[in-house]
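Each remark here refers to the structure printed beneath this line.
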Amino acid sequence: MAPLCLSVYQDETQPLPSYDEILICTPETTAEEVELILRRALLSGSRHEKIYSLLNADKLNHEVSRKLESIFYKLSKTQDNSARENYRLIICYDSQANHSYVATAFDNYKRTLPENPNRNQEIKQYLKSQLKMASGAGNGFGKLHQFQRFPQRTKLVFSEHAGMGKSLYVKSLINASMKELKEEGFTHKTIRLSESQLRPEHIIQQFQLYEDKPTDTVPRIFHFDVPPVVSVSFVCTVLFFYWIFKCSI
Numbered sequence: 208m209a210p211l212c213l214s215v216y217q218d219e220t221q222p223l224p225s226y227d228e229i230l231i232c233t234p235e236t237t238a239e240e241v242e243l244i245l246r247r248a249l250l251s252g253s254r255h256e257k258i259y260s261l262l263n264a265d266k267l268n269h270e271v272s273r274k275l276e277s278i279f280y281k282l283s284k285t286q287d288n289s290a291r292e293n294y295r296l297i298i299c300y301d302s303q304a305n306h307s308y309v310a311t312a313f314d315n316y317k318r319t320l321p322e323n324p325n326r327n328q329e330i331k332q333y334l335k336s337q338l339k340m341a342s343g344a345g346n347g348f349g350k351l352h353q354f355q356r357f358p359q360r361t362k363l364v365f366s367e368h369a370g371m372g373k374s375l376y377v378k379s380l381i382n383a384s385m386k387e388l389k390e391e392g393f394t395h396k397t398i399r400l401s402e403s404q405l406r407p408e409h410i411i412q413q414f415q416l417y418e419d420k421p422t423d424t425v426p427r428i429f430h431f432d433v434p435p436v437v438s439v440s441f442v443c444t445v446l447f448f449y450w451i452f453k454c455s456i
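This is the structure we're talking about:
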């Protein structure tokens with residue numbers, strides 16, 4: 208679902224989508240969150256040429272799904288003809304959820320996208336380009352990494368199973384950074400995630416403690432410690448939220 212959503216924004220000349228453009232829906236998503244993104248998309252004078260998306264809309268609970276339908280049609284009817292035709296709103300849901308409330312409510316707007324066997328590879332290249340660090344970026348980590356080998360701002364260490372050395376790798380990297388980047392003010396933070404922390408505000412609160420000025424280039428490592436019991440879909444949501452949204456703000 209994430210590659211499909213990102214393909215809508217795939218443009219080398221434009222930044223990655225920002226936090227206000229995409230709502231990642233879960234059973235805990237509130238009607239207020241749904242209404243907020245609909246107002247951004249549908250009310251005249253509030254769009255700013257952006258594309259607004261509801262991702263995994265089939266995961267909304269029944270009450271919020273009904274609110275989504277009613278708010279959409281209410282806001283649509285309050286706009287003039289020009290505003291009705293020019294809004295950019297995409298509702299994404301699993302093809303296997305054709306009988307969900309959202310799929311049924313918006314059936315008249317349904318569009319089936321053509322299969323693209325190369326989509327994942329194209330999105331991979333797109334993200335590599337978007338997350339590429341400027342060659343002259345002075346963030347301190349150039350002392351530890353060869354820029355030509357690791358040109359991206361984001362580096363992900365993962366394995367299929369627990370106990371494969373991920374935490375040991377991070378520990379070694381932190382120790383090396385503390386030694387080599389002491390003068391640059393290096394700091395690090397370990398954030399332990401559980402599925403109860405899916406709400407964006409839980410993640411944001413962790414980062415607000417380390418919020419920098421736009422001109423600051425303090426080298427910093429954030430270590431997300433994810434236990435094996437956490438589902439893959441949750442991890443993907445967290446990665447999407449942080450590395451796509453935060454790198455575009």
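Just so you know, the sequence shown maps onto residues 208 to 456 in our numbering.
Just so you know, even glycine gets a beta-carbon here, dropped at the ideal spot from N, CA and C.
Problem - Among Gln-413, Leu-400 and Trp-450, nearest to Phe-431 - alpha-carbon criterion - result: Here residue 431 refers to the residue found at position 224 when the sequence shown is read from its first residue. Checking every option, the nearest Cα to that of Phe-431 belongs to Leu-400.
Problem - Coil, strand or helix - Leu-400 by DSSP - result: The residue given as residue 400 occupies position 193 in the sequence shown. Coil at Leu-400, not helix or strand.
Handout entry: Boundaries of the alpha helix (DSSP H) in which Tyr-333 is found, first to last residue
Key = Against the sequence shown, residue 333 aligns to sequence position 126. Unbroken alpha helix (DSSP H) run through Tyr-333: 326-337.
Exercise for the section: Please state whether DSSP places Ser-384 in a helix, a strand or coil. Expected result: As a working note, residue 384 is residue 177 in the sequence shown. Of the three classes helix, strand and coil, the one that applies to Ser-384 here is helix, per DSSP.
Exercise for the section: Write down the C-beta distance between Val-425 and Thr-394 rounded to the nearest angstrom, noting that I regard them as a contact closer than 8 Å. Expected result: On the sequence shown, residue 425 is found 218 positions in, with the first residue counted as 1. On the sequence shown, residue 394 is found 187 positions in, with the first residue counted as 1. Contact holds; Cβ gap of about 7 Å.
Handout entry: Secondary structure of Tyr-300, DSSP reduced to three states
Key = Position 93 of the sequence shown, counting from 1, holds the residue named residue 300. Tyr-300 falls in the coil class under three-state DSSP.
Exercise for the section: Hey, could you find the ends of the beta strand (DSSP E) Leu-262 is sitting in? Expected result: Residue 262 sits at position 55 when you count from the first residue of the sequence shown. Start and end: 259-262.
Exercise for the section: With DSSP as the reference, label Asn-311 as helix, strand or coil. Expected result: Taking the first residue of the sequence shown as 1, we reach residue 311 at position 104. Residue identity check: residue 311 is Thr in the sequence provided, not Asn. Residue state, collapsed to three classes: helix.
Practice task
Throw me the rounded Cβ distance for the Asn-326 and Pro-210 pair, which I believe falls under 8 Å.
Solution key: On the sequence shown, residue 326 is found 119 positions in, with the first residue counted as 1. On the sequence shown, residue 210 is found 3 positions in, with the first residue counted as 1. The sequence shown places Arg at residue 326, not Asn. With 8 Å as the limit, Arg-326 and Pro-210 qualify as a contact, their Cβ atoms being about 5 Å apart.
Exercise for the section: Verify whether the separation of the beta carbon atoms of Ser-272 and Val-309 is less than 7 Å. Expected result: As a position in the sequence shown, residue 272 is number 65, starting the count at 1. As a position in the sequence shown, residue 309 is number 102, starting the count at 1. Their beta carbons are under 7 Å apart, which means Ser-272 touches Val-309 by this criterion.
Exercise for the section: Tell me Asp-432's beta-bridge partners as DSSP assigns them. Expected result: Within the sequence shown, residue 432 is the residue found at index 225, counting from 1. For Asp-432, which the question treats as bridged, DSSP gives the partners Arg-399.
Exercise for the section: Give me the Cα-Cα distance between Asn-268 and Pro-324, rounded to the nearest whole angstrom. Expected result: As a working mapping, residue 268 is identified with position 61 in the sequence shown. As a working mapping, residue 324 is identified with position 117 in the sequence shown. For Asn-268 and Pro-324, the distance between alpha carbons rounds to 32 Å.
Exercise for the section: Kindly give me the distance between the Cβ atoms of Val-241 and Lys-274, rounded to whole angstroms, as I take these residues to be in contact under 8 Å. Expected result: The residue you call residue 241 lines up with position 34 of the sequence shown. The residue you call residue 274 lines up with position 67 of the sequence shown. Yes, they are in contact, since the Cβ atoms of Val-241 and Lys-274 sit about 6 Å apart, within 8 Å.
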